[in-house]
Amino acid sequence: MADLKSTFFKIYSVLKSELLQDPAFEFFNDSRQWVERMLDYNVPGGAASEFHLSLCLSVTYSVF
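Sequential numbering from 28 applies to the sequence shown in the working numbering.
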């Protein structure tokens with residue numbers, strides 16, 4: 028699970044960076060900072076992040 032978690036964080040870091048730099052979103056500096064904080068709180072550090080990660084992986088595995 029630790030290897031899976033580190034892989035998730037690597038991918039998350041890239042996706043977050045791409046999202047925050049995407050010209051399709053016309054972020055002001057304040058809104059960009061808010062979105063970054065919101066993502067960092069809710070995606071990897073949310074209250075039940077271990078549960079969500081496990082649930083997403085098991086659902087994905089069962090679908091494919």
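Beta carbons: idealized from backbone N, C-alpha and C, even for Gly. These numbers were taken from a predicted model, which means no experiment stands behind them.
- Counting along the chain, valine 62 sits inside the alpha helix (DSSP H) bounded by residues 56–69.
- The three-state secondary structure of aspartate 49, taken from DSSP, is coil.
- The beta carbon of lysine 43 is closer than 6 Å to those of Leu66 in its chain, skipping five residues each way along the sequence.
- The C-alpha of glutamate 45 is placed about 11 Å away from the C-alpha of alanine 51.
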